[in-house]
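**Student:** Numbering that gives the first Met the number 0 numbers the first residue of the sequence shown as 0 and each following residue consecutively.
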Amino acid sequence: MIHSLRGFRDLLAPDSTLFTRIEAAAREVFALYGYQEIRIPTIEPHELFVKSTGDTTDIVEKEMYAFTDQGGRHVAVRPEGTPGVVRAYIERNLSQTGKNGKYYYIGNMFRAERPQAGRYREFEQIGAEQIGNPSPFADAETVAMLVKILEKAGVQGCSAEINSLGCADCRGKYRGILSGYLKTHADALCEPCRKRIDQNPLRALDCKIDGPRLAGEAPALELCPACADHFDRTQELLKLSGVDFRVNKNLVRGLDYYTRTVFEVKAGQLGSQDAVAGGGRYDDLVKSMGGPDAPAIGWALGVDRVALLIKDSAGADTSPQIFVISASGDARAAAFKLLGDLRAAGLSADFSNFELSLKSQLRSADRSGAAVALILGGDEIKNSSCAVKPLKEKARQRTVPMADLIPEIRKLL
Ligand code: HAM
Numbered sequence: 000m001i002h003s004l005r006g007f008r009d010l011l012a013p014d015s016t017l018f019t020r021i022e023a024a025a026r027e028v029f030a031l032y033g034y035q036e037i038r039i040p041t042i043e044p045h046e047l048f049v050k051s052t053g054d055t056t057d058i059v060e061k062e063m064y065a066f067t068d069q070g071g072r073h074v075a076v077r078p079e080g081t082p083g084v085v086r087a088y089i090e091r092n093l094s095q096t097g098k099n100g101k102y103y104y105i106g107n108m109f110r111a112e113r114p115q116a117g118r119y120r121e122f123e124q125i126g127a128e129q130i131g132n133p134s135p136f137a138d139a140e141t142v143a144m145l146v147k148i149l150e151k152a153g154v155q156g157c158s159a160e161i162n163s164l165g166c167a168d169c170r171g172k173y174r175g176i177l178s179g180y181l182k183t184h185a186d187a188l189c190e191p192c193r194k195r196i197d198q199n200p201l202r203a204l205d206c207k208i209d210g211p212r213l214a215g216e217a218p219a220l221e222l223c224p225a226c227a228d229h230f231d232r233t234q235e236l237l238k239l240s241g242v243d244f245r246v247n248k249n250l251v252r253g254l255d256y257y258t259r260t261v262f263e264v265k266a267g268q269l270g271s272q273d274a275v276a277g278g279g280r281y282d283d284l285v286k287s288m289g290g291p292d293a294p295a296i297g298w299a300l301g302v303d304r305v306a307l308l309i310k311d312s313a314g315a316d317t318s319p320q321i322f323v324i325s326a327s328g329d330a331r332a333a334a335f336k337l338l339g340d341l342r343a344a345g346l347s348a349d350f351s352n353f354e355l356s357l358k359s360q361l362r363s364a365d366r367s368g369a370a371v372a373l374i375l376g377g378d379e380i381k382n383s384s385c386a387v388k389p390l391k392e393k394a395r396q397r398t399v400p401m402a403d404l405i406p407e408i409r410k411l412l
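In structure tokens:
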């Protein structure tokens with residue numbers, strides 16, 4: 000027997016149903032906010048991620064599925080969607096279309112992380128990128144839209160956290176100050192944080208081990224007046240949008256391209272993998288990748304994690320409403336025809352095998368989760384009627400004229 004790879008999963012109902020429901024909720028909200036779908040390749044040139052996600056990030060350093068293809072090209076399976084969207088924006092000259100620069104994508108991402116509950120090597124993201132709008136209105140709209148999607152998908156009890164990482168100027172100065180501080184306190188740091196001192200000191204702030212202590216002790220990031228104003232206005236607009244959030248000064252995110260506003264939505268119920276969604280502004284990325292000066296903001300939500308959160312909610316049931324049974328050989332064709340009529344009337348209907356015994360078909364009906372079984376035998380065919388057997392409550396079986404069948408069933412559902 001061949002097993003699936005570690006961290007890679009088969010999704011069956013009800014999980015697959017939940018995924019579809021989350022995707023549908025997102026598509027509906029995206030349409031309201033003027034977003035259009037973009038489908039980007041799963042495999043891209045390796046250097047796309049090195050240059051955008053960042054070569055000192057865990058994602059690029061340790062987690063990418065990268066290989067040399069048959070043509071000798073160094074390629075990578077996408078670990079996130081933002082770099083591909085930015086590449087497409089530049090390559091397709093999308094800044095020249097006069098459109099609003101709002102794109103969404105739904106697709107699987109791949110990271111060779113250590114698998115655990117809520118963390119997989121192949122997982123699905125729904126992402127949104129808004130390219131070309133530098134104002135805090137875009138920040139507030141983007142975060143509010145994310146919250147709307149989560150609400151529509153049935154997620155409850157999440158909390159949004161936001162922070163500002165400032166522009167390249169404020170962050171550049173701060174990097175120096177923070178790395179100086181970390182150097183003098185290196186003995187107290189965990190091994191990965193010691194490595195981060197020179198390469199990526201900000202990441203020490205959201206380290207699960209050192210972060211909480213550094214929050215109180217390490218020097219804080221001072222925003223320049225323009226970045227401070229942007230952050231204040233973003234918060235005012237978020238309040239105006241009715242978004243419940245708190246400022247978390249330690250939120251730095253694990254990707255290199257962020258500037259100014261960053262945010263995450265977390266759910267305590269998820270345990271250590273508590274980030275349901277994350278994103279932020281990336282004002283310099285498009286330009287640094289060879290495109291126009293196009294400030295941008297976006298986020299991605301983890302569909303696998305949202306599915307875990309709404310697993311217990313109603314609506315994930317994929318059972319048919321009705322189960323059709325043929326009780327005798329001469330009723331099989333009529334039973335098959337009835338299945339088609341029920342489906343044409345918008346009722347979900349299933350059957351097992353009309354050639355099996357009545358007992359066996361009844362057993363399948365019970366297992367199917369259907370609310371009602373419809374039984375056709377020789378007598379029913381003769382009288383143009385059908386036996387209706389409720390499966391979920393102890394109501395009696397009764398015979399209904401064929402002509403009244405569909406309205407009668409609707410009353411039972
Ligand atoms: P990210 O924080 O790396 O951001 O991922 C976004 C979300 O994807 C996470 O909050 C989490 O829900 C989900 N996720 C990440 N890794 C895994 C995993 N191994 N298993 C299951 N779920 C996972 C980004 O990817 C950025 N591209 C977001 C963005 C868009 N920023 C700007 N635009």
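Each residue gets a CB set at the ideal place from its N, CA and C atoms; glycine is no exception.
Please read these numbers as outputs of a predicted model, since none were measured by experiment.
Might you give, ordered along the chain, the residues of its own chain that have their beta carbon closer than 6 angstroms to the beta carbon of residue 290, omitting 5 neighbours on each side?
**Tutor:** Working through the sequence shown from its first residue, we reach residue 290 at position 291. The residues are 89.
**Student:** Would you mind listing the alpha helix (DSSP H) stretches within the region 82 to 150 that are 4+ residues and don't spill past its ends, in chain order?
**Tutor:** Segments of the alpha helix (DSSP H) lying fully in the region 82 to 150: there are none.
**Student:** Run through DSSP, which three-state label would residue 36 get?
**Tutor:** Taking the first residue of the sequence shown as position 1, residue 36 is located at position 37. In the structure shown, residue 36 sits in a strand (DSSP, three-state: E or B).
**Student:** Beta carbon of residue 79: closer than 7 angstroms to some heavy atom of the ligand FAD?
**Tutor:** By its list of ligands, the structure shown excludes the ligand FAD, since it contains just the ligand HAM.
**Student:** Alpha carbon to alpha carbon, how far is residue 137 from residue 111?
**Tutor:** Taking the first residue of the sequence shown as 1, we reach residue 137 at position 138. Taking the first residue of the sequence shown as 1, we reach residue 111 at position 112. When rounded, the distance between both Cα atoms is 33 angstroms.
**Student:** Less than 8 angstroms separating the beta-carbons of residue 209 and residue 189?
**Tutor:** Mapped onto the sequence shown, residue 209 falls at position 210. Mapped onto the sequence shown, residue 189 falls at position 190. A contact, by the Cβ cut-off of 8 angstroms.
**Student:** So residue 83 packs on residue 91, CB below 8 angstroms; how close in whole Å?
**Tutor:** Within the sequence shown, the letter at position 84 stands for residue 83. Within the sequence shown, the letter at position 92 stands for residue 91. Wrong, their Cβ atoms sit about 12 angstroms apart, outside the cutoff.
**Student:** Does residue 379 pass the burial test, meaning 16 or more other C-beta atoms within 10 Å, or should it be called exposed?
**Tutor:** Numbered from its first residue, the sequence shown carries residue 379 at position 380. Buried is the call here.
**Student:** Measuring alpha carbon to alpha carbon, tell me which of 373, 392, 393, 391 ends up nearest residue 407.
**Tutor:** Within the sequence shown, the letter at position 408 stands for residue 407. Looking at the Cα atoms, 373 is the closest of the given residues.
**Student:** What is the DSSP secondary structure of residue 281, counted as helix, strand or coil?
**Tutor:** Locating residue 281 in the sequence shown gives position 282, where the first residue counts as 1. DSSP places residue 281 in coil when its eight states are reduced to three.
**Student:** Measuring only the C-alpha atoms, how far is residue 262 from residue 163?
**Tutor:** Position 263 of the sequence shown, counting from 1, holds the residue named residue 262. Position 164 of the sequence shown, counting from 1, holds the residue named residue 163. Going from the Cα of residue 262 to the Cα of residue 163 covers about 9 angstroms.
**Student:** Quick check on DSSP: helix, strand or coil for residue 415?
**Tutor:** Residue 415 falls outside the range modelled here, since the chain spans only 0 to 412, and no answer is possible.
**Student:** Report the start-end ranges of each alpha helix (DSSP H) in the region 302 to 375 that is 4 residues or longer and not cut off at the edges.
**Tutor:** 302 to 309, 331 to 343, 357 to 367, all fully within the region 302 to 375.
**Student:** For residue 44, which three-state DSSP category applies?
**Tutor:** To locate residue 44, count along the sequence shown from 1; it is residue 45. Three-state DSSP puts residue 44 in a strand.
**Student:** Considering only residues of the same chain and omitting the five flanking positions on each side of residue 327, which have a CB-CB separation below 6 angstroms?
**Tutor:** Translated into positions along the sequence shown, residue 327 becomes position 328. Cβ within range, chain order: 376, 377.
**Student:** Alpha carbons only, please: which of 352, 160, 129, 316 is nearest the one belonging to residue 237?
**Tutor:** Within the sequence shown, residue 237 is the residue found at index 238, counting from 1. Ranking 352, 160, 129, 316 by Cα distance to residue 237 puts 160 first.
**Student:** Work out the CA separation of residue 64 and residue 58 for me, nearest whole Å.
**Tutor:** The count along the sequence shown starts at 1 and reaches residue 58 at position 59. The count along the sequence shown starts at 1 and reaches residue 64 at position 65. Rounded to the nearest angstrom, the two C-alpha atoms are 10 angstroms apart.
**Student:** Going by DSSP, name the residue or residues bridged to residue 161.
**Tutor:** Taking the sequence shown and counting its residues from 1, the one referred to as residue 161 is at position 162. Answer is 246, 262, bridged to residue 161.
**Student:** How many Å lie between residue 285 and residue 47 at the Cα?
**Tutor:** Translated into the one-based positions of the sequence shown, residue 285 becomes position 286. Translated into the one-based positions of the sequence shown, residue 47 becomes position 48. Those two C-alpha atoms are separated by around 12 angstroms.
**Student:** Given this structure, state the Cα-to-Cα distance separating residue 234 from residue 169, to the nearest angstrom.
**Tutor:** Taking the sequence shown and counting its residues from 1, one reaches residue 234 at position 235. Taking the sequence shown and counting its residues from 1, one reaches residue 169 at position 170. Between residue 234 and residue 169, the C-alpha separation is close to 19 angstroms.
**Student:** Check this for me: beta carbons of residue 370 and residue 391, under 8 angstroms apart or not?
**Tutor:** Numbered from its first residue, the sequence shown carries residue 370 at position 371. Numbered from its first residue, the sequence shown carries residue 391 at position 392. Contact: yes.
**Student:** With a 10 Å radius around its C-beta and 16 neighbouring C-beta atoms as the bar for buried, classify residue 73 as buried or exposed.
**Tutor:** Residue 73 sits at position 74 when you count from the first residue of the sequence shown. Result: exposed.
**Student:** When you compare each of 9, 353, 334, 321 to residue 365 by their alpha carbons, which one comes out closest?
**Tutor:** Numbered from 1 along the sequence shown, position 366 holds the residue referred to as residue 365. Considering only alpha carbons, the answer is 321.
**Student:** Taking one C-beta from the region 327 to 336 and one from the region 299 to 314 each time, how about it: are there three or more such pairs within less than 8 angstroms?
**Tutor:** Because the criterion of three Cβ pairs below 8 angstroms is not met, the region 327 to 336 and the region 299 to 314 do not touch.
**Student:** Would you list the one or two residues that DSSP bridges to residue 64?
**Tutor:** Locating residue 64 in the sequence shown gives position 65, where the first residue counts as 1. Residue 64 is bridged to 76.
**Student:** Leaving out the 5 sequence neighbours to the left and right, which residues in its chain are closer than 7 angstroms to residue 56 when beta-carbon positions are compared?
**Tutor:** Counted from its first residue, the sequence shown places residue 56 at position 57. If we look at residue 56 and ignore the five residues flanking it on each side, its Cβ neighbours are 253, 254, 255.
**Student:** What number of angstroms, rounded off, separates the C-alpha of residue 360 from the C-alpha of residue 325?
**Tutor:** Translated into the one-based positions of the sequence shown, residue 360 becomes position 361. Translated into the one-based positions of the sequence shown, residue 325 becomes position 326. Approximately 8 angstroms, taken between the alpha carbons.
**Student:** Does the beta-carbon distance from residue 148 to residue 24 come in below 8 angstroms?
**Tutor:** In the sequence shown, counting from the first residue as 1, residue 148 sits at position 149. In the sequence shown, counting from the first residue as 1, residue 24 sits at position 25. Against a cut-off of 8 angstroms, the Cβ pair of residue 24 and residue 148 comes out as a contact.
**Student:** How is residue 297 classed by DSSP in three states: helix, strand or coil?
**Tutor:** Working through the sequence shown from its first residue, we reach residue 297 at position 298. Reduced to three states, the DSSP call for residue 297 is strand.
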